[in-house]
Amino acid sequence: MFKKNILLLLILFPLCIFSQSDEIEKSVQYLSNNKNTPEEYIASKFAQKDIILLSEEHRVKENLQFVKNLIPVLYQNKVYNLGMEFGASENQAQLDSLISAPEYNKDLARKLMFNYNSGWAFKGYTDLYEAAWSFNRSLPKSSKKFRILNLSYRYDWSSFSGQRTSEKMKKVFYKGNTETYRFSIVEKEIVTKREKILILTGDVHAFTKYKFPVYDFLGTDFIRFEDGYFGNQLYAKYPRLVYSVLLHKPFSNRPDTKPNLISPADGKIEIIMEKINNTPVGFDLADTPLGKLKDNSYYSMGYQDFTLENFYDGYIFLAPINKLSGCDIDPKFLTASNWNEAQENVADPDWRPRPKNMEEYWKQIREYGDIAKKYGEVDKY
Numbered sequence: 012m013f014k015k016n017i018l019l020l021l022i023l024f025p026l027c028i029f030s031q032s033d034e035i036e037k038s039v040q041y042l043s044n045n046k047n048t049p050e051e052y053i054a055s056k057f058a059q060k061d062i063i064l065l066s067e068e069h070r071v072k073e074n075l076q077f078v079k080n081l082i083p084v085l086y087q088n089k090v091y092n093l094g095m096e097f098g099a100s101e102n103q104a105q106l107d108s109l110i111s112a113p114e115y116n117k118d119l120a121r122k123l124m125f126n127y128n129s130g131w132a133f134k135g136y137t138d139l140y141e142a143a144w145s146f147n148r149s150l151p152k153s154s155k156k157f158r159i160l161n162l163s164y165r166y167d168w169s170s171f172s173g174q175r176t177s178e179k180m181k182k183v184f185y186k187g188n189t190e191t192y193r194f195s196i197v198e199k200e201i202v203t204k205r206e207k208i209l210i211l212t213g214d215v216h217a218f219t220k221y222k223f224p225v226y227d228f229l230g231t232d233f234i235r236f237e238d239g240y241f242g243n244q245l246y247a248k249y250p251r252l253v254y255s256v257l258l259h260k261p262f263s264n265r266p267d268t269k270p271n272l273i274s275p276a277d278g279k280i281e282i283i284m285e286k287i288n289n290t291p292v293g294f295d296l297a298d299t300p301l302g303k304l305k306d307n308s309y310y311s312m313g314y315q316d317f318t319l320e321n322f323y324d325g326y327i328f329l330a331p332i333n334k335l336s337g338c339d340i341d342p343k344f345l346t347a348s349n350w351n352e353a354q355e356n357v358a359d360p361d362w363r364p365r366p367k368n369m370e371e372y373w374k375q376i377r378e379y380g381d382i383a384k385k386y387g388e389v390d391k392y
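When we follow this note's numbering, the leftmost residue of the sequence shown carries the number 12, and every step to the right adds one.
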């Protein structure tokens, strides 16, 4: 019996290796036959869709530089709006004024970002304001201006402490469910006006057909699949208008499993990209060899034979994970004059302790912004 098992393993192991090699080669061939720069890829999708959700890992410099470069491409393709998770709708009129003004006001840009999140000192986001302003300055005076649309509101964390309860969170999110709030803005400002928009947001907010799994004691197989995120709501009502694209990043591993971060598709995406010299590229996941790649990250929990095409519609690779870097930090974002306000309203103090002083504030920002350190843990055992 033992000899039979050994023989079976000797037969199956080469077949497994061959299968993996075959799917990698098919993926490389597909990319060779469907060459699109990331910019070309996004532009091509707007020929078919009105709303593209671009899923980012926050504070990655290369992602934000890519979005900056996209602004003229979007405009050329009649996409006049960039939606941002990081921005308060209460300040929309001021933001409109900022990026259409004769002179750019960096202090106002900082204030607008501070108003949304007093701990968001990452310069890449306000750089998008300046890029939009610079582009608008290049247009004829009579031309339609490019717009950045704030998709959130200013939350109130000032009284929050301890654990999250419905009573406490109703005070923080006093305008209601943030996902529904964002949906309402896009419906009002984009869908009803028949405009188009690229939306830059974190991954859970960008899910459309994919439903995020969470442990649920009462759920079937103890899993509940969330379908109420921003992108889920857009897709549920306007499936023909919406498309989701993931910017390359590491995935969270399954709970209690090391390492904490793993490479997408069990490392196959990076293997494939290395074979094309890590050339930046955008590609479809639906009905493609890359979309058929299996993934065993946290995102696969509760799913049978989970593949990348079950996750997002498209994918953009800008650089290998170990070449991605953190945003520059704006040293003028926090000052002695706004410190008290920053400390009082720092977001998610149950995730990161409320800083006791300015030195601690900057230490937290630097640590959170250290993408190289965070990504250094990918696939590390």
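Cβ coordinates follow ideal geometry from the N, Cα and C atoms, glycine included. Values in this document were obtained by computation on a predicted structure and should not be read as measured data.
Query raised in the report: What are the start and end residues of the alpha helix (DSSP H) that includes residue 191?
Result: Residue 191 -> alpha helix (DSSP H) spans 189-197.
Query raised in the report: Under a three-way DSSP split, which group does residue 330 fall into?
Result: Residue 330 carries a coil assignment under DSSP once its states are collapsed to helix, strand and coil.
Query raised in the report: If we count the other Cβ atoms within 10 Å of its Cβ and call it buried at 16 or more, is residue 293 buried or exposed?
Result: The residue in question, residue 293, is buried, as its Cβ has 16 or more Cβ neighbours within 10 Å.
Report task. Give the single residue among 117, 199, 115 whose Cα lies nearest to the Cα of residue 6. Result -> The structure shown has nothing for residue 6, since the chain only spans 12 to 392.
**Report entry** residue 197 versus 300, 62, 133, 371, residue with shortest Cα-Cα distance
**Finding:** Its Cα nearest to that of residue 197, the residue 62 stands out among 300, 62, 133, 371.
Query - Nearest to residue 264 (by Cα), restricted to the options 290, 249, 330, 308 - result: Of the candidates 290, 249, 330, 308, the one whose C-alpha sits nearest the C-alpha of residue 264 is 308.
Requested in this report: Tell me residue 209's beta-bridge partners as DSSP assigns them.
Outcome: In DSSP, residue 209 forms a bridge with 63, 93.
Query raised in the report: Under the three-state reduction of DSSP, which class applies to residue 337: helix, strand or coil?
Result: Three-state DSSP puts residue 337 in a strand.
Query raised in the report: Do residue 3 and residue 121 have their C-beta atoms within less than 8 Å of each other?
Result: Nothing can be reported for residue 3: it is not among the residues displayed for the chain, which extend from 12 to 392.
**Report entry** Top-ranked residue by Cα proximity to residue 170, from 160, 356, 291, 366
**Finding:** Taking only the C-alpha atoms, the option nearest residue 170 is 356.
Report task. Pick helix, strand or coil for residue 148, following the three-state DSSP scheme. Result -> Helix at residue 148.
Query raised in the report: Whose CA, out of 151, 165, 235, 325, lies closest to the CA of residue 182?
Result: Among 151, 165, 235, 325, the Cα nearest to that of residue 182 belongs to 165.
Query raised in the report: Between the Cα of residue 174 and the Cα atoms of 363, 305, 383, which residue gives the shortest distance?
Result: Nearest C-alpha to residue 174 among 363, 305, 383: 363.
Query - Reference residue 127; option with closest CA among 109, 162, 142 - result: Of the candidates 109, 162, 142, the one whose C-alpha sits nearest the C-alpha of residue 127 is 162.
**Report entry** Helix, strand or coil at residue 261 [DSSP, three-state]
**Finding:** Residue 261: coil per DSSP, three-state reduction.
Requested in this report: Would you check if the region 209-224 and the region 232-245 touch, i.e. whether three or more CB-CB distances between them fall below 8 Å?
Outcome: Taking 8 Å as the limit for Cβ pairs, the verdict is that the region 209-224 does touch the region 232-245.
Query raised in the report: Relative to the alpha-carbon of residue 185, which residue among 332, 195, 168 has its alpha-carbon at the smallest distance?
Result: When only C-alpha atoms are compared, the closest one is 168.
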